[in-house]
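Each remark here refers to the structure printed beneath this line.
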Amino acid sequence: MNAATGEAMGKPLAHMLPVNIMHFCRALRRADLPIGTDKSLLAVKVAQEVGVARREDFAQALAAALLSNPAERFIFDQIFRVFWRDPELLKRLMAMASPLLESTQQRRPQVSRRAAQALSPPTPPQAASPRMTQVTPQAFSATQVDRHRDFEDMSLAEQQACGKQLLQTVFADVRLLTRRYAPSRQVGIFDMRRMMRATVRGRDALPLYRNRQTKTPPVVLLIDISGSMATYSRIFLHFAYAMHAHYKKVETFLFGTRLWHITPMMTRGDPDEVMRRLGQQISDWEGGTRIGACLHEFGQYWATRALTSQSEVLLLTDGLDRQNTDLERDLARLRRRSRRLLWLNPLLRYDRYKPLAWGAKILHAQCDGMLAMYNLASVHDLVGTLAKKPSR
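Under our numbering, think of the first position of the sequence shown as 3, with each following residue one higher.
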């Protein structure tokens, strides 16, 4: 039972319901859901009309009044069940609030940290005692814990910290030989043209050389922003921003139900401002997904401008797409026109994962490699893979 319900125990139901709904909306706001005063007042009116006789109808009414995005329903359901008296979830929530209890659990808690952080009361700062210092597992090395923690299990503050760490990613200096030659001081091919020009101008005909130029490989990023990929794509965009700073040529695309070319936005401005503008301008963020249609659009309109035979193509998606007869053909064409096609799949965090979905089967057969992408450690593994020579 929460504090608001306990305080209002003796009041009539007509007075209890608006008070508890206001506290419930406050918990949703702490979970970073956009719940304003207008939505809170609307929720009170809707709840009074529907009543609390049927729990499912009451939950649906509040969700219809408060939510504006289907992706917010997951956090809403968890906070709703905990707030409106679910004893089992309250026990797990209390266990998550204590780092010592959390470390002894063998199974993954079913309450997300975002919901736990929203429902836990704010702790006032306490003065440190010189005689006694409380040590918890989180006090040893927060960076080490964050490296292996799933992005989905992190609080909003931890996700923001991960984004800042990814902006400082150090990439290996991979250089590819090009077909162009340039004057060089190192021993290589004799540059007869420069030597003859020096002789005509009366200079000493010293041996002059030229060698092939090198460049960093171009990169193409295709990032799934559907509802099931929302958390991973949002954090991975910070990694994409770091790639734009390191590599000379990077093309970034987002896709859900449509394909979005966002390279001009990624090359200028503050990263936080870029993320904010992307959320405002892209209409199908955290919506549905049409992998086959979006990859077909990329191959038809963008492949000639964005792809070269030396391009590294990184495809971040879970592969959950309805059957599309063109997906296999488009992936095969994308693989032929690139240096390497890597599938970054968050579902690989599960040990027993198998690509059984139709889209996942095609991706597994056509891509050059499949890497997990769900925490900081997996991102660092990707950096190491990019530094290695591809083998098909």
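All C-beta atoms in this analysis are idealised placements derived from N, C-alpha and C, irrespective of residue type, glycine included.
Could you compute how far the alpha carbon of residue i sits from the alpha carbon of residue j?
i    : j    : result
C369 : W345 : 6 Å
S393 : I225 : 23 Å
I293 : D323 : 6 Å
R149 : L280 : 26 Å
V385 : A295 : 29 Å
D155 : V52  : 34 Å
S70  : M24  : 18 Å
F300 : I284 : 17 Å
F85  : S157 : 19 Å
Q146 : Q170 : Confidence is the limiting factor: at Q146 the pLDDT is only 41, short of 50, which leaves the residue's position unreliable, though a coordinate-based value still follows. Cα to Cα, Q146 sits roughly 16 Å from Q170.
P139 : R151 : Note on P139: pLDDT 32, under 50, position unreliable in the model; no value is reported.
R307 : P266 : 14 Å
R214 : S230 : 45 Å
E2   : D320 : Any question about residue 2 goes unanswered here, given that the chain covers just 3 to 394.
S380 : L168 : 12 Å
R182 : T216 : 9 Å
D332 : R83  : 44 Å
N347 : F238 : 12 Å
Q80  : R335 : 43 Å
L210 : R203 : 15 Å
P342 : E160 : Checking the displayed sequence, the identity of residue 342 turns out to be Arg instead of Pro. Approximately 32 Å, taken between the alpha carbons.
I37  : F26  : 10 Å
R199 : K391 : 40 Å
R75  : F153 : 18 Å
G12  : R56  : Low per-residue confidence applies at G12: pLDDT is 39, beneath 50, and the placement is therefore not dependable, though the value from the model is reported in the following sentence. Between G12 and R56, the C-alpha separation is close to 22 Å.
D274 : R196 : 50 Å
T201 : I191 : 18 Å
A2   : R351 : Nothing in the structure corresponds to residue 2, since the chain is present only between 3 and 394.
R337 : A61  : 47 Å
A359 : V21  : 46 Å
If contacts are defined as beta-carbon pairs under 8 Å, then residue i and residue j qualify, I think. What distance do you get, rounded to the angstrom?
i    : j    : result
F173 : H248 : 5 Å
V221 : V176 : Their Cβ separation, rounded to whole angstroms, is 10 Å, which puts V221 and V176 out of contact at 8 Å.
G289 : T259 : 6 Å
A29  : V48  : At roughly 18 Å, the Cβ-Cβ gap does not stay under 8 Å, so A29 and V48 are not in contact.
I227 : W287 : 5 Å
A65  : F78  : 6 Å
G165 : H246 : Not quite, the Cβ-Cβ distance comes to about 15 Å (not below 8 Å), so this is no contact.
L223 : A242 : 5 Å
L329 : G361 : 6 Å
T254 : M268 : 5 Å
Q302 : P219 : Not confirmed; about 24 Å, so no contact.
Y376 : Y234 : 7 Å
P185 : R212 : 5 Å
T387 : L378 : Going by Cβ atoms, the distance from T387 to L378 rounds to 15 Å, so no, they are not a contact pair.
Which two residues bound the contiguous alpha helix (DSSP H) that contains residue i?
i    : result
F241 : A232 to H248
H298 : I293 to E299
V315 : Here V315 belongs to no alpha helix (DSSP H); instead the beta strand (DSSP E) covers E314 to L318.
L43  : T39 to V52
D323 : It is not in any alpha helix (DSSP H) - D323 carries neither H nor E in the DSSP assignment.
A67  : R57 to L68
DSSP beta-bridge partners for residue i?
i    : result
G371 : L344
V252 : V221
R212 : P185 and I191
L261 : F257
I need the boundaries of the beta strand (DSSP E) containing residue i, first residue and last residue.
i    : result
V189 : V189 -> no beta strand (DSSP E), and no H or E assigned at all.
L224 : V221 to D226
Consult DSSP for residue i and reduce its assignment to one of helix, strand or coil.
i    : result
F85  : helix
H25  : helix
K390 : coil
L309 : coil
P273 : helix
D155 : helix
A362 : helix
G8   : Reliability of the predicted coordinates at G8 is poor, the pLDDT of 40 falling under 50, and no value is obtained from them.
I77  : helix
P266 : helix
R94  : Below a pLDDT of 50, predicted positions are generally treated as unreliable, and R94, at 49, falls in that range; no measurement from the model is reported.
L35  : coil
Y355 : coil
T201 : helix
D286 : coil
Q162 : helix
V385 : helix
D175 : coil
R337 : helix
Kindly indicate if chain D contains any beta-carbon less than 8 Å away from that of residue i.
i    : result
D332 : No chain D appears in this structure, which consists of one protein chain only.
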